[in-house]
Every structure is written in C-alpha cells, then in structure tokens.
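Numbering (the working numbering), first residue to last: 19 to 389. Yeah, the Cβ is synthetic: ideal placement off N, Cα and C, and Gly gets one too. Because the structure is a prediction, the values reported are computed rather than measured.
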Amino acid sequence: MAAATNESNVSVKHLTGKLSKHFVFKLNADGKVDEGDKIYCVHCNKQFAFRGSNTSLTYHLQHKHPLKYQQVVDSERKMTPQIKSITNLFTCQSNKPVSEKVSADLKVAIAHWIASSGRPTAIVEDAGLEAVLRIALQNQTYTLPSRRTIDTVIGEMYNEKLSENKKALECIHSIALTTDFWTSTNNESYCGITGHWIDSEWKLTSVALACINVEERHTADNVASFYEEFAATWNIAEEISCIVTDSAQNMVAAIGRTDYRHIPCIAHCLQLSILAGLKAADSSPILAKCRHLVGHFKRSSRNTSELKASQASTSNRSDDVKFHKLQQDVATRWNNTYLMLARLLEVKDAIKQYHIDHPENYTGDKLRELD
C-alpha cells in the first residue's frame, strides 16, 4: 500500500486487513518502515509491538475505541438489511456499560443454551442474535463470545458435570444401566449409556453417563468387552444390578458373556408383540392400502390442498378449521402405524368427501370401501 501522511506530517503506512484504517507504521525519510516491529493507533497514537498478530490491536480498539471497533465488526459481518433495520429501529440513545459479571454470566448462559438444546456453536456468529442482545443490554458495542470461547466453556461445563456424576456414584450401592447403539447421520456408530439409581433421599435419578463413538463391529465379544471397560472406567462393576437392552441377538449374547443380569427392554418387547399380532391378524393388505392412501396426499401438495378444502366443507364449525395432516407410518417409528390409522379415522369424512369431489384423482381403494 502506498505511503500516506498523517496530521503530524509524518509519513505512515497503513496496516493491511480489516484494521487498516486504525493502525499505521511510521516511515523514515527513506520511505521505509521506521522500527519495523512498532505500530501505532491512529486514534490515540498508542504504540504496540507488532509481530504479525492482530489480537492485541483488536483488543485495544474494542475497549478503548468501541465505536471504531463497531465499524470494523459491521463491515466484516456485512449485516443483512433485515438485521440493520431491526438494529436501527431499536437503537438506544445511550450505551449502558456491560459489567464483567454480566458478560461472564451471558457467556455461560449462551454456552448452556447451545449445549442443552443441541445448537451449533456457530450460532454465536449470527449477527441477528447479537443485534437482539445489544437491544436487550442497551449497548450497541456488545459482541458475542467467539466459537472457541464457547467451546471452552462447554468443555468446562462437561468436566464439572462429569466430576459431579462420579462423586454421586461413589455413594450408591446399586445401579441399573439402559443402553443402545445408534448410527448418526454421518454413518458413525455410537453407544449411549444411561444410569438409573435411587439416592439416599429415595429419589429416582437418571443420568446420561456416556455417548461413545464405537468403531469396532458390534459382535457379542466386542460389545461385552465394551461394557466391562465402561464399568471399570466408572468404578461401578460391583454396583451394576442389571443392564437393559433391546432383544437383538448380539446384545443378549454380549450381556450373557458378562457377570451382569440382562433385562430386555419392555417397550421393545411390546413392539415385537404388536408386530406379531398384526402379522397373525393378516393386516398387511389393509395397512398397504392405508399407506397408499396416505401417500397419495403426501406426494402432492395439490391433493393436500383439495383434502384441506374437503375437510373444511365437512366440518360443522363455521370458523376456521385446523387442518390435520395425514401421517405415514415408518417401520423404525414404533407408534407410527397406530398414529396413521388413528389420523385416517379422524379425518375419514373429509377423505370420503374428497373421493366425491375428485373421483378421477385417486384410483386406489376408496376409504369407504375400506370401512
């Protein structure tokens, strides 16, 4: 960048990057940087040792020249017009100072919110969230903590909770574990383990003890070794009264290879009984027809709109009727078959009216033929 002259008639060279308007190097008579490791703030002429990092410069600008720092933030984030309009609409007339305690409490609260609701840490880079907090704090220079800061706080919260749970387990005499394996959207295998015990005050306590990435195959031997290592890590091998899992063969065999008692999951057993009952009742044909009927509306927004109009015409109420969408059953969602049938019965009058209003649209078995 070409040299410039400041108000003191001293030739300077501006720092490159987002802080270019706020920090400069002074040039000597030869046009070279005088004292190459020294840089100066253009607003207060404070001198800094410069070794390639902008951290101290940014900190200085944020705390000594907050309005100038806000200009940097706004230009960097390129706030959307909607966010700008919100900020301008509610801009306070004064910048109330935000105390260190309030800033620290907000940092912990944001970290807890992100961790407890499963939100991405990148949300702290959302300009809209920052605009809302500025309005709430009545301080237009407030900046959200960085992702790295939030990651650190969440890690500290995790370690604190881990120590708390380990201390609680030191006082128990018996604990039951519920556990299952599942696969993430990234096709990675995890095992979740929850501990259940009754504390000294006769209160039932349930705590998620682990969610561990498992790379080994889920053979009975591997799963058995996994649970034994987990029990040893938590020092609860002698306190485990039982382990509750589904009835998969590898899980049953795995617990059988340990010294722990196995109890099959009651909900899973009930689901298996329901599936067996549906099969014995030869319900497959009727369920297939119901799925086809639901799919007819799920696959077409036009068909759904026409069904909504038919539902409104069959209602006895004159005001707006809440539209009840049909639900398709999914094999891995245990209650979905029941919910699909229940919803079909709930809106059967509307579906029958749809068949009358649009007889050419649906070629499958009509609902009145399925009654």
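At least three beta-carbon pairs within less than 8 Å, the stretch 235-246 to the stretch 286-306 = By the criterion of at least three beta-carbon pairs nearer than 8 Å, the stretch 235-246 is not in contact with the stretch 286-306.
Can you tell me where the alpha helix (DSSP H) with V126 in it begins and where it stops?
-> Here the alpha helix (DSSP H) through V126 covers E118 to S135.
Alpha-carbon to alpha-carbon, K221 and E188: A straight-line Cα-Cα distance of about 16 Å links E188 and K221.
Legend entry - Nearest to C59 (by Cα), restricted to the options H83, C308 and N46: Nearest neighbour of C59 by Cα position, chosen from H83, C308 and N46, turns out to be H83.
query: Rounded to the nearest angstrom, how far is the Cβ of W200 from that of G210, given a contact under 8 Å?
result: About 7 Å separates the two Cβ atoms, so the contact holds.
Exercise. Does the beta-carbon distance from A183 to Y208 come in below 9 Å?
Worked result: For clarity, residue 183 is Asn in the given sequence; the question names Ala instead. Not closer than 9 Å, so no.
task = Kindly indicate which residue of A154, Y176 and V90 has the alpha-carbon position closest to the one of I132.
result = Taking only the C-alpha atoms, the option nearest I132 is Y176.
- Query: L227 by DSSP, collapsed to three states: which one?
  - Reply: L227: strand per DSSP, three-state reduction.
**Item:** Straight-line gap, H314 to T322 (C-alpha atoms, nearest Å)
**Value:** Cα to Cα, the separation comes out at about 9 Å.
Looking at the unbroken alpha helix (DSSP H) that takes in A360, where does it start and where does it end? Counting along the chain, the alpha helix (DSSP H) containing A360 begins and ends at N354 to E364.
| task | Name, in chain order, the residues that DSSP records as bridge partners for H8. | result | Given that the chain is displayed from residue 19 to residue 389, the structure contains no residue 8 and the question cannot be resolved.
Q: Over the uninterrupted alpha helix (DSSP H) stretch that includes D169, give me the two end residues.
A: Its alpha helix (DSSP H) spans residues R165 to L187.
Query raised in the report: Given a threshold of 16 other Cβ atoms within 10 Å of its Cβ, counted over all protein chains shown, does H16 qualify as buried or as exposed?
Result: Residue 16 is absent from the model: the chain starts at 19 and stops at 389.
Could you give the distance in angstroms between the alpha-carbon of G274 and the alpha-carbon of S224? Between the C-alpha atoms of G274 and S224 there is a straight-line separation of about 24 Å.
**Q.** Sequence-distant residues of its chain with Cβ nearer than 7 Å to Y372 (five each side left out)
**A.** Cβ within range, chain order: E324, L325 and S328.
Q: Check whether the Cβ atoms of L75 and H40 lie closer than 9 Å to each other.
A: A distance below 9 Å separates the beta carbons of L75 and H40.
Using the Cβ count rule (16 or more neighbours within 10 Å means buried), how would you classify T381? Flag for T381 reads exposed.
* For I304, which three-state DSSP category applies? -> Of the three classes helix, strand and coil, the one that applies to I304 here is helix, per DSSP.
Identified DSSP bridge partners for K146
Reading the sequence as shown, one finds Gly at residue 146 and not Lys. G146 is not bridged to any residue.
How close, in whole Å, do the beta carbons of P282 and S265 come, if the pair is a contact with beta carbons under 8 Å? About 5 Å; that satisfies the 8 Å criterion.
Checklist entry - What number of angstroms, rounded off, separates the C-alpha of E178 from the C-alpha of A122? => result Rounded to the nearest whole angstrom, the CA to CA distance from E178 to A122 is 17 Å.
* Alpha-carbon to alpha-carbon, H236 and T263 -> Each residue's alpha carbon lies about 14 Å from the other.
Environment of Y356 [buried if 16+ CB atoms lie within 10 Å]: Exposed, since its Cβ has fewer than 16 Cβ neighbours within 10 Å.
message: So, for S336: in the same chain, excluding its five sequence neighbours on each side, which residues have a beta-carbon less than 6 Å away from its beta-carbon?
response: Since pLDDT at S336 reaches only 46, below the 50 mark, its modelled position is unreliable, and the value read off the structure follows with that caveat. The beta carbon of S336 sits closer than 6 Å to none of the beta carbons in its chain outside the five residues before and after it.
Continuous alpha helix (DSSP H) stretch holding I273: start and end: Element bounds for I273: Q267 to G274.
* Spatially closest choice to T167 from L180, I128 and S181, by CA coordinates -> Nearest option by C-alpha distance: I128.
May I ask you to report which of helix, strand or coil DSSP gives G213?
Three-state DSSP puts G213 in a strand.
Legend entry - K31 and V90 closer than 9 Å at C-beta: K31 places its beta carbon 9 Å or farther from that of V90.
Review point. Helix, strand or coil for C260 per DSSP?
Key: Here C260 sits in strand by DSSP.
- Using three-state DSSP, classify S202 as helix, strand or coil. It is coil, neither helix nor strand.
Exercise. In this structure, does DSSP put K221 in helix, strand or coil?
Worked result: Coil.
Exercise for review: Would you mind reading off the limits of the alpha helix (DSSP H) that contains A248?
Suggested key: It is worth fixing the name first, because residue 248 is Phe in this sequence and not Ala. Taken as a continuous stretch (DSSP letters only), the alpha helix (DSSP H) holding F248 covers A238 to W252.
Taking C-beta to C-beta, are L363 and V312 nearer than 9 Å? Contact check for L363 against V312 fails: the beta carbons are separated by 9 Å or more.
Alpha-carbon spacing of A349 relative to E234, whole angstroms: Between A349 and E234, the C-alpha separation is close to 26 Å.
Euclidean distance between Cα positions of I216 and E257: Answer to the nearest angstrom: the Cα atoms are 12 Å apart.
Are the CB atoms of T276 and E247 within a distance shorter than 9 Å?
Contact: no.
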